[in-house]
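If you count by the numbering used here, then the sequence shown holds residues 4 to 294, one letter each, in order. Just below is one structure, and these are the notes that go with it.
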Amino acid sequence: MTIRSVPAFRVRPTGRMPTGRMLAASLLAVSLALTAGCARNRNKPRQDQAYVARDVETLYSIARDTLEKGDYKLAAMMFDEVERQHPYSVWARRAQLMSAFSYYASRQYPEAIMTSQRFLSLHPGNRDAPYAYYIIALSYYEQIADVARDQKITQQALTALQELVRRFPDSRYAADARLKIDLVNDHLAGKELDVGRFYARNRQWISAAVRYRNVIDEYQTTSHVPEALYRLVEANLALGLQDEALRNAAVLSANYPGSKWYERAYALMRKYAPNATVEAPKAAGATPGGA
Numbered sequence: 004m005t006i007r008s009v010p011a012f013r014v015r016p017t018g019r020m021p022t023g024r025m026l027a028a029s030l031l032a033v034s035l036a037l038t039a040g041c042a043r044n045r046n047k048p049r050q051d052q053a054y055v056a057r058d059v060e061t062l063y064s065i066a067r068d069t070l071e072k073g074d075y076k077l078a079a080m081m082f083d084e085v086e087r088q089h090p091y092s093v094w095a096r097r098a099q100l101m102s103a104f105s106y107y108a109s110r111q112y113p114e115a116i117m118t119s120q121r122f123l124s125l126h127p128g129n130r131d132a133p134y135a136y137y138i139i140a141l142s143y144y145e146q147i148a149d150v151a152r153d154q155k156i157t158q159q160a161l162t163a164l165q166e167l168v169r170r171f172p173d174s175r176y177a178a179d180a181r182l183k184i185d186l187v188n189d190h191l192a193g194k195e196l197d198v199g200r201f202y203a204r205n206r207q208w209i210s211a212a213v214r215y216r217n218v219i220d221e222y223q224t225t226s227h228v229p230e231a232l233y234r235l236v237e238a239n240l241a242l243g244l245q246d247e248a249l250r251n252a253a254v255l256s257a258n259y260p261g262s263k264w265y266e267r268a269y270a271l272m273r274k275y276a277p278n279a280t281v282e283a284p285k286a287a288g289a290t291p292g293g294a
């Protein structure tokens, strides 16, 4: 929904990414060298255990079976070993993606991102590139924190999702990415609104108004816009800007006439700007924007 203005009233605009730990290939080499007898003592590795290389199909099969059993951390290590031992085989390319997925499934998101990015740097035109971009986007998305915390990861998730849609708009992953973009934008709008409310509680009305305006201008399709408009009316009145308050109340009335936020804005206008001409609220649910 695009925010509509009313005649004579117009809404005017006003660290370092985690890299993840590197897995020690020597630990995996030991695990692959274990015999049935050694497996009983795998927590006590011997100094004289010999390293045994495996053929690529055997390695990949072991990694795949481990993944199917749900041991995602070990599966990721084993898929990494496929690439380490056989870097020029076709299996290595497959193993990179499976490793990225295994890291994601085990919630090792920095490693999933790093592995996917490496796949894309080595195989930028591969047919599975959309999947690698999808893993990157999901890995950021799953790390999104609540609105009270820093939103750097949220911004990174939004960027990754938008990149996926931009590069592969018709891929099987694009629809889910678009849905998540809407959810991320709603999250970011909620953060802006939360900061605005913080400023308002401390009577820093100008700073509060800037945050509310950001919600209205940058996140017009989110569920937070009606409240942002109401709180902007509140901030305008606190600053003595009755004309601005009237304009924003009119925009709120035009777009969300039956919402609780317009009812509250109307009450504020009647109390603090009694001479202003303000349209009475409509019944809740009278329009798609209601409540």
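We put the CB at the ideal spot given by N, CA and C, even for glycine.
Span separating the alpha-carbon of Pro113 from that of Met101: Here residue 113 refers to the residue found at position 110 when the sequence shown is read from its first residue. Here residue 101 refers to the residue found at position 98 when the sequence shown is read from its first residue. If I take the Cα positions, the gap works out to 15 angstroms.
Straight-line gap, Leu235 to Ala211 (C-alpha atoms, nearest Å): Your numbering for residue 235 matches position 232 in the sequence shown. Your numbering for residue 211 matches position 208 in the sequence shown. Using only the alpha carbons, I get a separation of about 8 angstroms.
Pair within 8 angstroms by beta-carbon distance, Leu249 and Ala276: On the sequence shown, position 246 is the one that residue 249 refers to. On the sequence shown, position 273 is the one that residue 276 refers to. Contact flag set, yes.
Cβ-Cβ distance between Glu282 and Ser256 below 8 angstroms: Working through the sequence shown from its first residue, we reach residue 282 at position 279. Working through the sequence shown from its first residue, we reach residue 256 at position 253. Closer than 8 angstroms, so yes.
Cut-off 6 angstroms between Cβ atoms - residues of its own chain near Met272, not counting five sequence neighbours on either side: As a first step, residue 272 is located in the sequence shown; it is residue number 269 there, counting from the start. The answer, listed in chain order, is Ala252, Ala279 and Val281.
Host alpha helix (DSSP H) of His89 (start-end): Residue numbering aside, residue 89 sits at position 86 when the sequence shown is read from its first letter. Neither: His89 is in no alpha helix (DSSP H) and is coded neither H nor E.
Stretch pair the stretch 156–167 + the stretch 118–126: three plus CB contacts closer than 8 angstroms: no
Span of the alpha helix (DSSP H), counted from its first residue to its last, around Glu282: Residue numbering aside, residue 282 sits at position 279 when the sequence shown is read from its first letter. Neither: Glu282 is in no alpha helix (DSSP H) and is coded neither H nor E.
Local conformation of Gly199 per DSSP, three classes: Translated into positions along the sequence shown, residue 199 becomes position 196. In the structure shown, Gly199 sits in a helix (DSSP, three-state: H, G or I).
The stretch 217–232 / the stretch 173–188 touching (three or more Cβ pairs under 8 angstroms): They touch, by the three-pair rule.
Burial state of Glu71 (16 or more Cβ within 10 Å): Numbered from 1 along the sequence shown, position 68 holds the residue referred to as residue 71. The residue in question, Glu71, is exposed, as its Cβ has fewer than 16 Cβ neighbours within 10 Å.
Ala294 to Arg204 span [Cα, whole Å]: As a first step, residue 294 is located in the sequence shown; it is residue number 291 there, counting from the start. As a first step, residue 204 is located in the sequence shown; it is residue number 201 there, counting from the start. Because the pLDDT at Ala294 is just 38, under 50, the model does not fix this residue reliably, and the point stays unresolved.
Under the three-state DSSP convention, the category Gln146 falls into: Walking along the sequence shown from the start, residue 146 turns up at place 143. Coil.
Under the three-state DSSP convention, the category Tyr222 falls into: As a first step, residue 222 must be located in the sequence shown, where it is residue number 219. In this structure, Tyr222 counts as coil in the three-state DSSP scheme.
Contact check, Ala98 vs Tyr107, beta carbons under 8 angstroms: On the sequence shown, position 95 is the one that residue 98 refers to. On the sequence shown, position 104 is the one that residue 107 refers to. It is not a contact, given that the beta carbons lie outside the stated cut-off.
Contact check, Ala231 vs Leu196, beta carbons under 8 angstroms: On the sequence shown, residue 231 is found 228 positions in, with the first residue counted as 1. On the sequence shown, residue 196 is found 193 positions in, with the first residue counted as 1. Yes, the pair counts as a contact, with Cβ atoms nearer than the cut-off.
Run of the alpha helix (DSSP H) containing Asp68, from where it starts to where it stops: Mapped onto the sequence shown, residue 68 falls at position 65. Taken as a continuous stretch (DSSP letters only), the alpha helix (DSSP H) holding Asp68 covers Val59 to Glu71.
Three-state class that DSSP yields for Asn251 in the structure shown: Locating residue 251 in the sequence shown gives position 248, counting from the first residue. Three-state result, Asn251: helix.
Neighbourhood of Pro284 by C-beta distance below 6 angstroms, restricted to the same chain and skipping five residues each side: The residue labelled residue 284 in the question sits at position 281 within the sequence shown. For Pro284, where only same-chain residues beyond five positions count, the Cβ hits under 6 angstroms are Tyr265, Glu266 and Tyr269.
Same chain only: Cβ atoms within 7 angstroms of Gln245, ignoring 5 sequence neighbours per side: Within the sequence shown, residue 245 is the residue found at index 242, counting from 1. The answer, listed in chain order, is Ala276 and Ala279.
Local conformation of Pro133 per DSSP, three classes: In the sequence shown, residue 133 corresponds to position 130, counting from 1. Pro133: helix per DSSP, three-state reduction.
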